[in-house]
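What follows is one structure encoded as structure tokens, with my remarks underneath.
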Amino acid sequence: MREQQSITAEEAAAILGISRATLYAYVSRGLIRSEAAGDGSRRHRYAAADVEALRQRREQQRNPSVAVEGALDWGAPLLESSITLIDNGRLYYRGQDATVLALNASLEEAAGLIWTGQLEAAPFAHVVQRLPERWEAGEGLSPITRFQAVLPQASAANAAAYDLRPEGVMASSARIMHLFTRLLSGVWPGDEGIAAALQAGWNLQPKTRRVLNAALVLCADHELNVSAFTARCIASAAATPYAVVQGGLAALEGTRHGGHTERVEALFLEVGRPEEADEVIAARLRRGDSLPGFGHPLYPQGDPRARLLLELVEDCCPRSAAWELASAVTGAAEGLLGLRPTIDFALVTAARALDLPPGSPLALFALGRTVGWIGHALEQYAAGTLIRPRARYVGEWPA
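Using the working numbering, the letters of the sequence shown map in sequence onto residues 1 to 399.
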């Protein structure tokens, strides 16, 4: 970097309104480039362009109405929503702390809050649809693929699928979530709810129900991420809730979204044993490889969803090999890179500690996030507008 393109640590910290320690953490995460000052001292200079880009990003997070030129990949287009707020390192569903809800509310109650504003499981009171067993085939397919395969059949079997009134949408959505639960566990949810059905179908101890429910609630929504935006676009065309969820699943399984859990699982396999964690992560650092499951741009001080879920896993399975390995990896990541785990890492840890079937981390993510997709669809149906961004043409003009 030329000197005019770089600034001092004091200048960078002042522009961002952060401490020097936080500045160094951003550098370690690759958000800001730095290099030795070259004056014989131990000081470093920091890329002015990176600092400005981060300042604009933080400004958009604080004030989404401020549009930043060229920011379509981070913060634009802007849509109004009253569902989820991410603020000061915390996650809120309609003003209620999601981590508190995960400890005290069922997934069904959280869905009621997101869908209606009321913390109650009323939308799940009368789920009647049951699919023929032949529709539940799919041996050898991942859970997420089975979800996608069966949705069109379930939609065709539901005469009310095109009822886009709020009560109709919620009834169809409750059916979808019960269907996903059945596909995952072999058990239809009863009065005790979805987490209980998963625990029973997977033949787990009763104490694991708290972990499963918390994982689902913590995944319920995360503002206007790529799958939620996809869901809103589909809903804006007046497509059914089944189509909304189908689109959400397609976006979720990408490796930059929920499919990131597969990269985290690969990291667990790469580390193998707790005593290898430091060396494996150091080797990744030397190669310039990223560390999947660590460092969330919206939570510089750590993902609160991961923090809670990991605490619950430790409380449930403190002596499991999976927990010991996860603890070693998190310790190495924070010690070497200053990075904390994300919800993706926590989901994989939970699945391994509870010995869940293959593909469960992404499946739990999808089942929980279905709540958010439907919440955004309900808002979009009510808005009655078509989401249709314009493109800035950069190709050849006709002669």
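Even for Gly, the Cβ is constructed at its ideal location relative to N, Cα and C. Bear in mind the structure is a predicted one, so any value in this text is a computation, not a measurement.
Check, Outcome
"Any heavy atom of the ligand SAM within a distance shorter than 7 Å of the CB on G375?", "With respect to the ligand SAM, the structure shown offers nothing to examine, as it has no ligands at all."
"State the CB to CB distance for the pair P341 and A306, rounded to an integer number of angstroms; the pair is presumed to be in contact (CB under 8 Å).", "5 Å"
"What does a CB cutoff of less than 7 Å around A160 pick up in its chain, not counting 5 residues either side in sequence?", "G168, A171, S172"
"Just how far apart, CA to CA, sit D163 and I86?", "32 Å"
"How many angstroms separate the CA atom of T208 from the CA atom of A346?", "15 Å"
"Is there contact here, the stretch 312–329 with the stretch 351–358, by at least three beta-carbon pairs under 8 Å?", "yes"
"Which runs of the alpha helix (DSSP H), 4 residues or longer, sit entirely within the stretch 314–343?", "321–337"
"Hey, could you find the ends of the beta strand (DSSP E) R90 is sitting in?", "90–93"
"Can you find the residues in the same chain that come closer than 8 Å, C-beta to C-beta, to G254, ignoring five residues on each side of it along the sequence?", "V226"
"Report the rounded CA-to-CA distance for G248 versus L269, giving the unit in angstroms.", "28 Å"
"Pick helix, strand or coil for E396, following the three-state DSSP scheme.", "coil"
"Which of the three DSSP states is assigned to A391 in this structure?", "coil"
"CA-CA distance, T181 and G359?", "14 Å"
"Is the Cβ-Cβ distance between A110 and V217 less than 8 Å?", "yes"
"Measuring CB atoms only, is the stretch 177–191 touching the stretch 143–150, in the sense that at least three cross pairs come out at less than 8 Å?", "yes"
"Spell out the partners DSSP gives R232 in its beta bridges.", "Beta-bridge pairing links R232 to no other residue."
"List in chain order: all unbroken alpha helix (DSSP H) runs of 4+ residues lying wholly within the stretch 139–182.", "143–157"
"At the level of alpha carbons, what is the spacing between W115 and L378?", "7 Å"
"If you follow the alpha helix (DSSP H) that D278 is in, where does it begin and where does it stop?", "277–287"
"Report, in whole angstroms, the separation of the C-beta atoms of A174 and F124, which I expect to be a contact under 8 Å.", "5 Å"
"Going by alpha carbons, who is nearest to L31 out of I387, L298, P398?", "L298"
"When the Cα atoms are used, what is the spatial distance from I234 to A243?", "7 Å"
"DSSP beta-bridge partners for Y299?", "H296"
"Consult DSSP for H257 and reduce its assignment to one of helix, strand or coil.", "coil"
"Please report the residue range of the alpha helix (DSSP H) in which A237 lies.", "Counting along the chain, A237 falls outside any alpha helix (DSSP H), and DSSP gives it neither H nor E."
"Using three-state DSSP, classify S185 as helix, strand or coil.", "helix"
"Roughly how many angstroms separate the alpha carbons of L337 and A282, rounded to a whole number?", "9 Å"
"Between which residues of its own chain and I176 is the CB-CB distance below 6 Å, once the five residues before and five after are set aside?", "V245"
"If we ignore side chains and look at the alpha-carbon of each, how far apart do T22 and S290 end up?", "20 Å"
"Using a threshold of 8 Å, state whether the C-beta atoms of N91 and A98 are closer than that.", "The question names Asn, yet the displayed sequence has Leu at residue 91. Yes, the Cβ-Cβ distance between L91 and A98 is below 8 Å."
"Below 8 Å between beta carbons: does that hold for S81 and L224?", "yes"
"So, for T385: in the same chain, excluding its five sequence neighbours on each side, which residues have a beta-carbon less than 6 Å away from its beta-carbon?", "none"
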